Amino acid sequence: MAILGLMGDYPGVGKDTVAEYLVANHGFKRFAFADLLYEELSQAYGVTVAELSRRDLKETYQRRFALRFCKDLEFSRVFRKVHPEVWLDMPLSPRLLLRTWGTEYRRAQDEDYWARPVFTEIDATPGDSVVTDPRLENELNGIVKRKGKLVRVDRLSVKPEQLSDHPSEIQARAWPEDYRLSNEATLTALYAQIEHMLDTLRQTAA
């Protein structure tokens, strides 16, 4: 059983593209620590996961995501403690809400809140697995402990002017990768790199 964890230093590098290729062409099972996060936040705001996931609106501050419309009052309290400048009717962005819900709210209660259910499912699932979003030390360590490999996907053409300094973004940047894929050219070129990586994995495991 092989486990691959996909890392990216900023959004839009192509981790999902790599995962989709592995699932479609090599039978990998896809896992993501953030799947449950999106489900919880979507329920708290009465919106769909698809609405929270829209890349073109993820950084956009929208009134429908103001704290007034959040059904989870404890999260609202935590959010205002972390961001005291925010008022109840202030428009908020999905990304800011996701980061705060994931780290300052849930992980503050239990460091393994997101990691535990994913690794439990991976351990019970036969075959190869790809995790699309390991970012924090316990998530990265969990993959390494299971003899998995960490793969960094690069795409400098989408690098933002300023990288986020949120804990959910900075830990994976400093973590060494086992393989590096460049997503600067065509999909064909990216897929060829993936195939070469898998060949190397098989030779190493033999």
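In case it helps, full-length UniProt numbering puts the sequence shown at residues 1 to 206. The C-beta atom is built at its ideal place from N, Cα and C for all residues, glycine as well. All values reported here derive from a predicted model rather than from experimental measurement.
Integer Cβ distance of residue i from residue j, believed to fall under 8 angstroms
| i | j | result |
| --- | --- | --- |
| F33 | W101 | About 13 angstroms; that fails the 8 angstroms criterion. |
| L140 | L150 | 7 angstroms |
| G12 | P134 | With a Cβ gap of about 17 angstroms, G12 and P134 do not count as contacting. |
| G14 | V153 | 5 angstroms |
Residue(s) in a DSSP beta bridge with residue i
| i | result |
| --- | --- |
| Q62 | L92 |
| K29 | S129 |
| L6 | V151 |
Local Cβ density within 10 Å of residue i, reported as buried at 16 or more and exposed below that
| i | result |
| --- | --- |
| K81 | exposed |
| T103 | buried |
| P1 | It is worth fixing the name first, because residue 1 is Met in this sequence and not Pro. The residue is exposed, with fewer than 16 neighbouring Cβ atoms inside 10 Å. |
| residue 218 | This structure cannot speak to residue 218, because the chain is shown only from 1 to 206. |
| N183 | buried |
| G27 | exposed |
Review point. Which ranges would you report for the alpha helix (DSSP H) in the segment 76-100 if only whole runs of at least 4 residues count?
Key: 94-99
Check your understanding: Residue ranges of each beta strand (DSSP E) run of no fewer than 3 residues wholly in the segment 111-194, ordered along the chain?
Key -> 129-131, 149-154 and 179-182
Practice item. Would you check if the segment 54-74 and the segment 22-38 touch, i.e. whether three or more CB-CB distances between them fall below 8 angstroms? Key: no
Exercise for review: Decide yes or no for the touch test of the segment 82-89 against the segment 51-60: beta carbon pairs closer than 8 angstroms, at least 3 of them.
Suggested key: no
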